[in-house]
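Following the numbering used here, the numbering of the sequence shown begins with 22 at its first residue and continues without gaps.
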Amino acid sequence: MANKNKEIQINSSINIKDESKVIHASSFGVGGDDEEVRLIIVNNKLINKNDNFELISESDLQIVMSPATAMKLKDMLENYTKN
């Protein structure tokens with residue numbers, strides 16, 4: 022039998038409605054120096070732990086590239102977002 026409830030009960034006082042949206046999933050950071058550019062991608066996950074919500078880091082991916090490659094990526098992203 023399918024659950025027709027439009028809310029998901031997390032604990033006795035918190036319900037998540039069916040139309041709820043994820044508003045934060047990942048973080049991006051950029052840093053570097055004259056020799057390299059570092060793109061840091063942090064993926065987070067919201068979990069229910071002992072009737073309390075906790076934000077945990079699932080992954081911390083770092084991409085290291087040369088400044089020339091970073092400029093190509095920047096140009097590609099700018100062209101992509103113009104359309």
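Cβ coordinates follow ideal geometry from the N, Cα and C atoms, glycine included. In this text the structure is predicted, and so the values were computed from the model without any measurement.
Taking C-beta atoms as the reference points, SER78 and ASN69 fail to come closer than 9 Å. Exclusion of the five residues before and after GLU57 leaves VAL85, MET86, SER87 and PRO88 as the residues of its chain whose Cβ lies within less than 8 Å of its Cβ. When DSSP states are grouped into helix, strand and coil, GLU40 belongs to the coil group. DSSP places GLU56 in the coil class of the three-state scheme, outside both helix and strand.
By the CB criterion at 9 Å, LEU98 and GLN83 fall outside the cutoff. The three-state secondary structure of ASN69, taken from DSSP, is strand.
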